[in-house]
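Numbering (the numbering used here), first residue to last: 17 to 545.
Just so you know, even glycine gets a beta-carbon here, dropped at the ideal spot from N, CA and C.
The model shown is predicted, which means the values in this text are computed figures rather than measured ones.
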Amino acid sequence: MRYAHSVATARAVGLLASLLLTAIASPAQADVSLNNMFGDHMVLQQGIKNKVWGKADPGEAVTVTLGGQSHSTTAGADGMWHVFLDPVQEYGGPHTLTVKGKNTITFNDVLIGEVWVCAGQSNMQWSINNTNDADLEKAAAKFPNIRLISVPQVGTQEPQWNFNGKWVACTPDTVGNFSAVGYLFGRQLHQTLGVPVGLINNAWGGSAAEAWVQRDKLAANEKLKPLVDRWVKTEADLPAAKADYDKRMAEWKLEAEKAKAAGKPEPKQPGNPEAQMKGNARPGNIHCGVLKPSIGYGIKGAIWYQGESNASRAYQYRELFPFMIKSWREEWGLGDFPFYWVQLADYKGEKPEPAESEWAELREAQTMTMKALPHTGEAVIIDIGEGKDIHPKNKQDVAKRLARWALAETYKQPGIAARSPLYKSMEKQGSKLVLSFDHVASNARSWRPFDVAEPRGFTIAGADKKFVPAKATILPDGRIEVESEAVAEPVAVRYAWADNPVCNMYSSAGLPLTPFRTDDFPGVTAVAF
Numbered sequence: 017m018r019y020a021h022s023v024a025t026a027r028a029v030g031l032l033a034s035l036l037l038t039a040i041a042s043p044a045q046a047d048v049s050l051n052n053m054f055g056d057h058m059v060l061q062q063g064i065k066n067k068v069w070g071k072a073d074p075g076e077a078v079t080v081t082l083g084g085q086s087h088s089t090t091a092g093a094d095g096m097w098h099v100f101l102d103p104v105q106e107y108g109g110p111h112t113l114t115v116k117g118k119n120t121i122t123f124n125d126v127l128i129g130e131v132w133v134c135a136g137q138s139n140m141q142w143s144i145n146n147t148n149d150a151d152l153e154k155a156a157a158k159f160p161n162i163r164l165i166s167v168p169q170v171g172t173q174e175p176q177w178n179f180n181g182k183w184v185a186c187t188p189d190t191v192g193n194f195s196a197v198g199y200l201f202g203r204q205l206h207q208t209l210g211v212p213v214g215l216i217n218n219a220w221g222g223s224a225a226e227a228w229v230q231r232d233k234l235a236a237n238e239k240l241k242p243l244v245d246r247w248v249k250t251e252a253d254l255p256a257a258k259a260d261y262d263k264r265m266a267e268w269k270l271e272a273e274k275a276k277a278a279g280k281p282e283p284k285q286p287g288n289p290e291a292q293m294k295g296n297a298r299p300g301n302i303h304c305g306v307l308k309p310s311i312g313y314g315i316k317g318a319i320w321y322q323g324e325s326n327a328s329r330a331y332q333y334r335e336l337f338p339f340m341i342k343s344w345r346e347e348w349g350l351g352d353f354p355f356y357w358v359q360l361a362d363y364k365g366e367k368p369e370p371a372e373s374e375w376a377e378l379r380e381a382q383t384m385t386m387k388a389l390p391h392t393g394e395a396v397i398i399d400i401g402e403g404k405d406i407h408p409k410n411k412q413d414v415a416k417r418l419a420r421w422a423l424a425e426t427y428k429q430p431g432i433a434a435r436s437p438l439y440k441s442m443e444k445q446g447s448k449l450v451l452s453f454d455h456v457a458s459n460a461r462s463w464r465p466f467d468v469a470e471p472r473g474f475t476i477a478g479a480d481k482k483f484v485p486a487k488a489t490i491l492p493d494g495r496i497e498v499e500s501e502a503v504a505e506p507v508a509v510r511y512a513w514a515d516n517p518v519c520n521m522y523s524s525a526g527l528p529l530t531p532f533r534t535d536d537f538p539g540v541t542a543v544a545f
């Protein structure tokens, strides 16, 4: 009996020791935790009340300390907590951010600088590794005060509070897979302003704009509700589609085995209808899975390169794009923060003759957004696309034109031109139409046609709406006169109105004239809307 008692006691002691070791090795679930936007090497936005947030036990006291300031709060019933740091006006660092609950977390090498979101589809996602002079760009990427973080592509209807990612300092080893436009934009700011820069890359190739917006907000907008309604039907049809897919997959496997046995190529595998449920086109998917985890983090502004996936619905984009920007601004709670985007580049075969164009109409929708919302700007790149490639590799000039907007408009740097010339008004003078423009000087020297002296890219039409190539002349006062012998009574002019137009007009500052039309004739995407 004494032996049995000793064995039982030994087992009990062993079990207790095992439990204690497990407790030491595994952090308790009650530990305070933070969203992964917060970590070593992060950049906090200068001059604003930065929000810091995370999870803890309900009712747990949490204290956040940065330098000489300290802020305390209590986790809510759902375990969520947040505090706002007092604005820090000085750039630089490194600083230490400490978060203390039942445990203590310390983040080191924290900088105070300028933070920008880099969002959109594949042309924003396009990495330094795949851009022009990638070897040179990486070799020169020795900027320890530029910090990079990427948010993985997660498509879901369930709002995510966190993501897998961390901040890293910019080095030749870390920059290669980062957004080329994002990095090159940030580098220009860093070199010009001499301050730390943080870049948040959350771009997703092929994404539709509606996936970046909160779904219930889209449904509440009468003009955008059809976007959601279409998906409601797709979602309702999913069980039947999945059953059909399972049947076709069984058939495919048999065919694939036969092809393999016969030494023939394998037939194309059926697409799984469930994949689109997690994809980058379903309304709200990217908002919930990619954007939501970072909303609230202190930023200066956002840059955006997207539109290709919405080109067939360009008229709808007139409503959707500004709606998206306004929604982001409301959710971030930082007012009308700067939002600059890239207008679609020239793409597909060159069209020297007048033609209707979905891409031209999408560019028009982008330009209209700039006029509709404050603190927005458009980088025109109608001159640096590639007809054969939807992903032009010259991201350097794209980034510079975006950086011009930020430097001139946001940071008020003197002597930097940002705005491409914009069509302003038209006056009929007999058989000629005379056009006036904003953002060019009132003299002939305000224009710098490229390659040849005469302006190219203008077309003209009469009441029959049939456009023909036009002769354009720069007048001494900077206006442009457009005419054609084929149109005696002209009513409208278009410039660079094609997927890939032949055009050559630049301002004296070297910025291309924004593609435009003076008419409001129904476009090819009006029906789609």
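**Request:** In angstroms with no decimal places, state the Cα-to-Cα distance between Trp-97 and Trp-220.
**Result:** In the sequence shown, the residue the question calls residue 97 occupies position 81. In the sequence shown, the residue the question calls residue 220 occupies position 204. If I take the Cα positions, the gap works out to 29 Å.
**Ordered list of beta strand (DSSP E) runs contained in the segment 100 to 128, each at least 3 residues** = Taking only runs of at least 3 residues, the beta strand (DSSP E) segments lying wholly in the segment 100 to 128 are 108 to 116.
**Prompt:** When you compare only the Cα positions, how much space is there between Ala-39 and Lys-118?
**Reply:** In the sequence shown, the residue the question calls residue 39 occupies position 23. In the sequence shown, the residue the question calls residue 118 occupies position 102. In this prediction, Ala-39 has a pLDDT of 40, which is less than 50 and means its spatial position is unreliable; what the coordinates show is noted afterwards. CA-to-CA, the gap between Ala-39 and Lys-118 works out to about 14 Å.
**Contact set for Glu-238: own chain, Cβ-Cβ below 7 Å, skip 5 residues either direction** = By one-based count along the sequence shown, residue 238 stands at place 222. Counting only Cβ-Cβ distances below 7 Å, and skipping sequence neighbours, we find nothing.
**Asked** Is DSSP giving Ser-88 helix, strand or coil here?
**Response** Within the sequence shown, residue 88 is the residue found at index 72, counting from 1. Reduced to three states, the DSSP call for Ser-88 is strand.
**Request:** Work out the CA separation of Ile-64 and Leu-307 for me, nearest whole Å.
**Result:** As a working mapping, residue 307 is identified with position 291 in the sequence shown. As a working mapping, residue 64 is identified with position 48 in the sequence shown. In this structure, the alpha-carbon of Leu-307 lies about 20 Å from that of Ile-64.
**Prompt:** Excluding sequence positions up to five away, which residues of its chain have a Cβ less than 6 Å from the Cβ of Ile-121?
**Reply:** What you label residue 121 is simply residue 105 of the sequence shown in a count that begins at 1. For Ile-121, same chain residues with a beta-carbon under 6 Å away, outside a window of 5 residues either side, are Val-115 in chain order.
**Request:** Quick one: give me the first and last residue of the beta strand (DSSP E) that Leu-164 is part of.
**Result:** Residue numbering aside, residue 164 sits at position 148 when the sequence shown is read from its first letter. Leu-164 -> beta strand (DSSP E) spans 159 to 166.
**Any beta strand (DSSP E) of 3 or more consecutive residues that is wholly inside the segment 207 to 234** = Here the runs fully enclosed are 213 to 217.
**Asked** Less than 7 Å separating the beta-carbons of Glu-518 and Pro-368?
**Response** Translated into positions along the sequence shown, residue 518 becomes position 502. Translated into positions along the sequence shown, residue 368 becomes position 352. Contrary to the premise, residue 518 reads as Val rather than Glu in this sequence. Yes, the pair counts as a contact, with Cβ atoms nearer than the cut-off.
**Cβ neighbours of Ile-165 in the same chain (closer than 6 Å, five flanking residues each side left out)** = Within the sequence shown, the letter at position 149 stands for residue 165. So the list reads Gly-181, Trp-183, Ile-216, once near-sequence residues are dropped.
**Asked** In whole angstroms, what separates the C-alpha of Arg-417 from that of Arg-246?
**Response** To locate residue 417, count along the sequence shown from 1; it is residue 401. To locate residue 246, count along the sequence shown from 1; it is residue 230. Across the structure, Arg-417 and Arg-246 are spaced so that their CA atoms are roughly 37 Å apart.
**Request:** If I'm right that Thr-383 touches Tyr-356 with Cβ under 8 Å, what's the distance once you round it to whole angstroms?
**Result:** Start at 1 with the first residue of the sequence shown, and residue 383 comes out as number 367. Start at 1 with the first residue of the sequence shown, and residue 356 comes out as number 340. The pair is not a contact, with the Cβ atoms about 13 Å apart (cut-off 8 Å).
**Asked** Leu-35 to Phe-339, Cα distance in whole Å?
**Response** As a working note, residue 35 is residue 19 in the sequence shown. As a working note, residue 339 is residue 323 in the sequence shown. Here the model assigns Leu-35 a pLDDT of 39, short of 50, so the residue's position is not dependable and the matter cannot be decided.
**Per-residue DSSP class, three states only, for Met-521** = Position 505 of the sequence shown holds residue 521. Looking at Met-521 - three-state DSSP - the assignment turns out to be coil, as it is neither helix nor strand.
**Asked** Pick from Tyr-427, Val-503, Ala-457: whose alpha carbon is nearest that of Glu-130?
**Response** Translated into the one-based positions of the sequence shown, residue 130 becomes position 114. Comparing Cα positions, the closest option is Tyr-427.
**Asked** With Glu-226 and Pro-299 assumed to form a contact (beta carbons below 8 Å), what rounded beta-carbon distance in angstroms separates them?
**Response** Residue mapping note: residue 226 aligns to position 210 of the sequence shown, counting from 1. Residue mapping note: residue 299 aligns to position 283 of the sequence shown, counting from 1. Between Pro-299 and Glu-226 the Cβ distance is about 5 Å, and since that is below 8 Å, they are a contact.
**Item:** Cross-strand partners of Ser-310 (DSSP beta bridge)
**Value:** The residue given as residue 310 occupies position 294 in the sequence shown. Looking at the DSSP assignment, Ser-310 forms no beta bridge with any residue, so it has no partner.
**Item:** Of the residues Ala-415, Gly-317, Leu-350, the one placed nearest Val-147, counting alpha carbons only
**Value:** As a first step, residue 147 is located in the sequence shown; it is residue number 131 there, counting from the start. Just to set this straight, residue 147 is Thr in the shown sequence, not Val. Comparing Cα positions, the closest option is Ala-415.
**Request:** Below 8 Å CB to CB, which residues in the same chain sit around Gln-204 once its five sequence neighbours on both sides are set aside?
**Result:** As a first step, residue 204 is located in the sequence shown; it is residue number 188 there, counting from the start. When the five nearest sequence neighbours on each side are left out, the beta carbons in the same chain lying within less than 8 Å of the beta carbon of Gln-204 are those of Ala-415, Lys-416, Ala-419, Leu-423, in order along the chain.
**Request:** Pull up the distance between the alpha-carbon of Ala-196 and that of Asp-189, whole angstroms please.
**Result:** Here residue 196 refers to the residue found at position 180 of the sequence shown. Here residue 189 refers to the residue found at position 173 of the sequence shown. Answer to the nearest angstrom: the Cα atoms are 14 Å apart.
**Prompt:** Hey, out of Ile-490, Phe-532, Gly-494, whose CA is closest to Ala-508's CA?
**Reply:** The residue given as residue 508 occupies position 492 in the sequence shown. Out of Ile-490, Phe-532, Gly-494, Phe-532 has the C-alpha closest to the C-alpha of Ala-508.
**Outcome for Gly-75 when other beta-carbon atoms lying within 10 angstroms are tallied against a minimum of 16** = Taking the first residue of the sequence shown as position 1, residue 75 is located at position 59. When all chains shown are included, Gly-75 counts as exposed.
**Message:** Taking the alpha-carbon of Gly-192 as reference, which of Asn-66, Gln-176, Leu-152, Lys-263 has the nearest alpha-carbon?
**Reply:** Against the sequence shown, residue 192 aligns to sequence position 176. When Asn-66, Gln-176, Leu-152, Lys-263 are compared, the shortest CA-CA separation from Gly-192 is found for Leu-152.
**Request:** Consult DSSP for Glu-346 and reduce its assignment to one of helix, strand or coil.
**Result:** Translated into the one-based positions of the sequence shown, residue 346 becomes position 330. Three-state result, Glu-346: helix.
**Request:** Have a look at Thr-489 and Leu-529 and give me their C-alpha separation to the nearest angstrom.
**Result:** Counting from one through the sequence shown, the residue named residue 489 turns up at place 473. Counting from one through the sequence shown, the residue named residue 529 turns up at place 513. Straight-line Cα distance between these residues: approximately 15 Å.
**Asked** With a cut-off of 8 Å, do at least 3 Cβ pairs link the segment 305 to 322 to the segment 134 to 145?
**Response** Yes, since at least three Cβ pairs between the segment 305 to 322 and the segment 134 to 145 fall closer than 8 Å, the two stretches touch.
**Message:** Just to confirm the assignment, what range does the alpha helix (DSSP H) spanning Ser-138 have?
**Reply:** Sequence index remark: in the sequence shown, residue 138 carries index 122 (1-based). First-last of the alpha helix (DSSP H) with Ser-138: 138 to 141.
**Item:** Anticipated Cβ contact below 8 Å, Pro-506 with Gly-478, distance rounded
**Value:** Here residue 506 refers to the residue found at position 490 of the sequence shown. Here residue 478 refers to the residue found at position 462 of the sequence shown. At roughly 6 Å, the Cβ-Cβ gap stays under 8 Å, so Pro-506 and Gly-478 are in contact.
**Message:** Does Leu-254 come out as helix, strand or coil in the three-state DSSP assignment?
**Reply:** Along the sequence shown, read from residue 1 onward, the residue named residue 254 stands at position 238. In the structure shown, the three-state DSSP call for Leu-254 is helix.
**Request:** Can you grab the Cα-Cα spacing for the pair Lys-263 / Leu-270, in whole Å?
**Result:** Start at 1 with the first residue of the sequence shown, and residue 263 comes out as number 247. Start at 1 with the first residue of the sequence shown, and residue 270 comes out as number 254. Roughly 11 Å between the two C-alpha positions.
**Prompt:** Buried or exposed: which applies to Pro-43, given that a residue is buried once 16 or more other Cβ atoms fall within 10 Å of its Cβ?
**Reply:** The count along the sequence shown starts at 1 and reaches residue 43 at position 27. Here Pro-43 scores only 40 on pLDDT, less than 50, and its place in the model is too uncertain to base an answer on.
**Prompt:** CA-CA distance, Ala-41 and Gly-108?
**Reply:** Along the sequence shown, one-based indexing puts residue 41 at 25. Along the sequence shown, one-based indexing puts residue 108 at 92. Note on Ala-41: pLDDT 38, under 50, position unreliable in the model; the coordinate value appears next. Whole-angstrom Cα-Cα distance: 37 Å.
**Asked** Between Ser-373 and Ala-224, is the Cβ-Cβ spacing less than 7 Å?
**Response** Counting from 1 along the sequence shown, the entry for residue 373 is found at position 357. Counting from 1 along the sequence shown, the entry for residue 224 is found at position 208. Taking 7 Å as the Cβ cut-off, Ser-373 and Ala-224 do not qualify as a contacting pair.
**Residues of its chain near Val-213, where Cβ-Cβ distance is below 6 Å and the 5 sequence neighbours each way are ignored** = The count along the sequence shown starts at 1 and reaches residue 213 at position 197. Spatial neighbours of Val-213 in its own chain (CB-CB distance under 6 Å, excluding positions within 5 residues in sequence) are listed in chain order as Gly-129, Glu-130, Ile-162, Gly-202, Leu-205, His-206.
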